[in-house]
Amino acid sequence: MSARLDSLDIHPLRNDLYNELHSRPFQVLPTPARVTQMAVLTTPEQREQQFRHLQELHRLMGHPVPENEVGCFEHTFGSLRVRREMHMEFASYTFINLDAGDETPFTETGITPLPEGWLEQLTGTVIAAFHLEVRPAADGTEGDLDYVRKHFEGMRLVGSSPQEGAARVWGTFRLHSDGFGRFMVMNHHMSDSQLGRLTQRLMEIETYRLMSLLALPVAREITPSLNDMDERLAVITRSLAENEDVDEEKLLAQLTNIAARIEAFRAHSTFRFSATRAYHQLVLTRLEELREDELSGHLTLTEFMTRRLTPAVKTCEAVSERLEDLSRRIDRASDMMRTRVELAIQSQNQQLLSSMDRRSKIQLMMQHTVEGFSVVAITYYLIGLLKFGLDSVYEAGVVFNKTLVLGIAIPVVMALVFLGVRVVHHHFIKMAKRQ
Numbered sequence: 097m098s099a100r101l102d103s104l105d106i107h108p109l110r111n112d113l114y115n116e117l118h119s120r121p122f123q124v125l126p127t128p129a130r131v132t133q134m135a136v137l138t139t140p141e142q143r144e145q146q147f148r149h150l151q152e153l154h155r156l157m158g159h160p161v162p163e164n165e166v167g168c169f170e171h172t173f174g175s176l177r178v179r180r181e182m183h184m185e186f187a188s189y190t191f192i193n194l195d196a197g198d199e200t201p202f203t204e205t206g207i208t209p210l211p212e213g214w215l216e217q218l219t220g221t222v223i224a225a226f227h228l229e230v231r232p233a234a235d236g237t238e239g240d241l242d243y244v245r246k247h248f249e250g251m252r253l254v255g256s257s258p259q260e261g262a263a264r265v266w267g268t269f270r271l272h273s274d275g276f277g278r279f280m281v282m283n284h285h286m287s288d289s290q291l292g293r294l295t296q297r298l299m300e301i302e303t304y305r306l307m308s309l310l311a312l313p314v315a316r317e318i319t320p321s322l323n324d325m326d327e328r329l330a331v332i333t334r335s336l337a338e339n340e341d342v343d344e345e346k347l348l349a350q351l352t353n354i355a356a357r358i359e360a361f362r363a364h365s366t367f368r369f370s371a372t373r374a375y376h377q378l379v380l381t382r383l384e385e386l387r388e389d390e391l392s393g394h395l396t397l398t399e400f401m402t403r404r405l406t407p408a409v410k411t412c413e414a415v416s417e418r419l420e421d422l423s424r425r426i427d428r429a430s431d432m433m434r435t436r437v438e439l440a441i442q443s444q445n446q447q448l449l450s451s452m453d454r455r456s457k458i459q460l461m462m463q464h465t466v467e468g469f470s471v472v473a474i475t476y477y478l479i480g481l482l483k484f485g486l487d488s489v490y491e492a493g494v495v496f497n498k499t500l501v502l503g504i505a506i507p508v509v510m511a512l513v514f515l516g517v518r519v520v521h522h523h524f525i526k527m528a529k530r531q
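Under our numbering, the first residue of the sequence shown is numbered 97, with each subsequent residue one higher.
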């Protein structure tokens, strides 16, 4: 008896995880065919508008309208196949005109069968748009090349022979007079499935190439500011290293300003630079999958990308690393400045404590001086009180020598007062030591 999963706890995303690997199947493409690929930068609001726009296409073509949006949608309207794929930043539209006759290449394209005015209503920002013409190969490579040259408006060709010579691929990686890029695939002996995979890789290479270059203008924009901040930071660090008499508060304000600008640049560019690295890696992966052979006298797609795209991506990576390096250097300079300020504060506190200690000693000396005067003053008042008492006793009839008694009492009272003051003084000293 086979085991059953009904009684087991199944992860809610299990089906989605299985289907994810099959969500974007390769095309099955006949020869000849005309393909148009468009990549449109899209916001969440525009995605909803694009789906309604796709529903409108179904109504115009007289087909049932889809109710739910999916990550990869594909539908065939007679001789027109439409495929829409949703990506993180953009939506890609692939239009395949299966009714490709013997007309001149690029006179009709993948978007020719679309209803008039429908494409113009597409929302979003177009980043990639190019036509791909699939044709049966002529006899020999030279025949292919002579046929291809006539349809690229005299631009320099980039071409190779992928899949061990099963086809020839030609392109310019430039915009032509119609505002679209162009590729041509001359099919020698590829099956429809192999041809579909080849064209899919070509479309991804061109789209990801352009997406990876979106960071280059950002890198060029912020580089002058980075140069300026780098120089300012070098001046600050040099002044700290040379122990110059600087205004710490002013330098901290400058460092805070530079750090704020760096963080603003990082917030603006980190995602773009990370996306560039990811797209560039996808381009390299797709190029490797082509398994190109060189065509005499022409750069292969891999060689072209290595010479033109890779330096641009390296520039973006260098700016990204420079941002991180500047941020770390600012943190270290700020730490040094804070340490310097803390040392200055500690020095001021030490001077304050020394000053307080000197004042305490002076006060103690004054206190000892005052203690002598206080003994005399207290003795004076006590002798005055004693005199009043002796006068009262004398007037009461007791006869004695008041002057002699007062003379004897003065040193006695003074000694007692002195001893009393000393006892109190030592008592307070003991209390201070216990604290």
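Even for Gly, the Cβ is constructed at its ideal location relative to N, Cα and C.
**Request:** Apply the 10 Å Cβ neighbour rule to M97 and answer buried if 16 or more other Cβ atoms are within range, or exposed otherwise.
**Result:** At M97, the pLDDT of 45 sits below 50, so the modelled position is not reliable and the matter cannot be decided from this model.
**Message:** In the DSSP output, what is M282 paired with across the bridge?
**Reply:** R231 and R264
**Where Y477 falls, given that 16 or more other Cβ within 10 Å makes a residue buried** = Result: exposed.
**Message:** Between the alpha carbons of L347 and I332, how many angstroms are there, rounded?
**Reply:** A direct Cα-to-Cα measurement between L347 and I332 gives close to 7 Å.
**Rounded C-alpha distance that separates R148 from R297** = When rounded, the distance between both Cα atoms is 29 Å.
**Asked** Can you round the beta-carbon distance between R329 and M433 to whole angstroms, since I take them to be within the 8 Å contact cut?
**Response** A small fix is needed here, since residue 329 is Leu in this sequence, not Arg. Wrong, their Cβ atoms sit about 12 Å apart, outside the cutoff.
**Prompt:** From P211 to H171, what does the alpha carbon distance come to, in whole angstroms?
**Reply:** The alpha-carbon separation between P211 and H171 amounts to approximately 15 Å.
**Uninterrupted beta strand (DSSP E) stretches inside the stretch 414-476 (no shorter than 3 residues)** = Those beta strand (DSSP E) runs which fall completely within the stretch 414-476 and span 3+ residues do not exist here.
**Request:** Indicate the three-state DSSP secondary structure (helix, strand or coil) for L137 in the structure shown.
**Result:** strand
**Request:** Spell out the partners DSSP gives F169 in its beta bridges.
**Result:** Secondary-structure assignment with DSSP links F169 through a beta bridge to R180.
**Asked** Name the DSSP beta bridge partners of V222, please?
**Response** V222 is bridged to V136.
**Message:** My output table needs one value for I106: the three-state DSSP class, helix, strand or coil.
**Reply:** Residue state for I106 is assigned as coil, using DSSP reduced to three classes.
**Request:** Run the CB neighbour count on T372, radius 10 Å, all protein chains shown included, and call it buried at 16 or more, exposed below.
**Result:** Buried.
**Request:** Please confirm if the stretch 387-397 is in contact with the stretch 249-268, defined as three or more CB-CB distances below 8 Å between the two stretches.
**Result:** yes
**Message:** Alpha carbons only, please: which of M134, Q444, M527 and A440 is nearest the one belonging to M299?
**Reply:** M134
**Asked** Could you give the distance in angstroms between the alpha-carbon of S188 and the alpha-carbon of L113?
**Response** 22 Å
**Message:** Less than 9 Å between the beta carbons of F191 and T132, yes or no?
**Reply:** Cβ atoms of F191 and T132: closer than 9 Å.
**Request:** May I ask you to verify whether the stretch 141-158 touches the stretch 211-225, counting CB pairs closer than 8 Å and requiring at least 3?
**Result:** yes
**Asked** If you check the beta carbons only, do S308 and L405 fall under 9 Å apart?
**Response** The beta carbons of S308 and L405 sit closer together than 9 Å.
**Request:** Within 10 angstroms of the Cβ of S456, are there 16 or more other Cβ atoms? Answer buried if so, exposed if not.
**Result:** exposed
**Message:** Does N193 pass the burial test, meaning 16 or more other C-beta atoms within 10 Å, or should it be called exposed?
**Reply:** buried
**Asked** Grouping DSSP H, G and I as helix and E and B as strand, with all else coil, what is P201?
**Response** strand
**Assumed close pair R418, I301 - CB separation to whole angstroms, cut-off 8 Å** = Not quite, the Cβ-Cβ distance comes to about 29 Å (not below 8 Å), so this is no contact.
**Asked** Whose CA, out of R428, L482, E413 and A473, lies closest to the CA of Q377?
**Response** Measuring from the Cα of Q377, the nearest candidate turns out to be E413.
**Message:** Can you tell me whether R428 is buried or exposed? The criterion is at least 16 other CB atoms within 10 Å of its CB, across all chains shown.
**Reply:** exposed
**Prompt:** In or out: E229 buried (at least 16 other Cβ within 10 Å) or exposed?
**Reply:** Buried, because 16 or more other Cβ atoms sit within 10 Å of the Cβ of E229.
**Item:** Host alpha helix (DSSP H) of F367 (start-end)
**Value:** E344 to L386
**Request:** State the CB to CB distance for the pair R130 and E204, rounded to an integer number of angstroms; the pair is presumed to be in contact (CB under 8 Å).
**Result:** Right, the Cβ-Cβ distance comes to about 6 Å (below 8 Å), so this counts as a contact.
**Request:** Can you say whether P209 is buried or exposed, counting buried as having 16 or more other CB atoms within 10 angstroms of its CB?
**Result:** buried
**Item:** Distance between A262 and T303 (C-alpha atoms, nearest Å)
**Value:** 24 Å
**Completely contained alpha helix (DSSP H) runs for the stretch 271-322, where each covers 4 or more residues** = 288-308
**Request:** Please go through the same chain and pick out, in chain order, the residues whose beta-carbon is closer than 6 Å to the beta-carbon of G275, but skip the five residues on each side of it.
**Result:** none
**Item:** Sequence-distant residues of the same chain with beta carbon closer than 8 Å to E344, five excluded per side
**Value:** M433, R436, V437 and A440
**Item:** Reduced DSSP category for N193 - H, G, I as helix; E, B as strand; rest coil
**Value:** Reduced to three states, the DSSP call for N193 is strand.
**Request:** Pull up the DSSP beta-bridge partners for A492, would you.
**Result:** Answer is none; A492 lacks a bridge partner.
**Start-to-end residues for the beta strand (DSSP E) that takes in S256** = Here the beta strand (DSSP E) through S256 covers V254 to S257.
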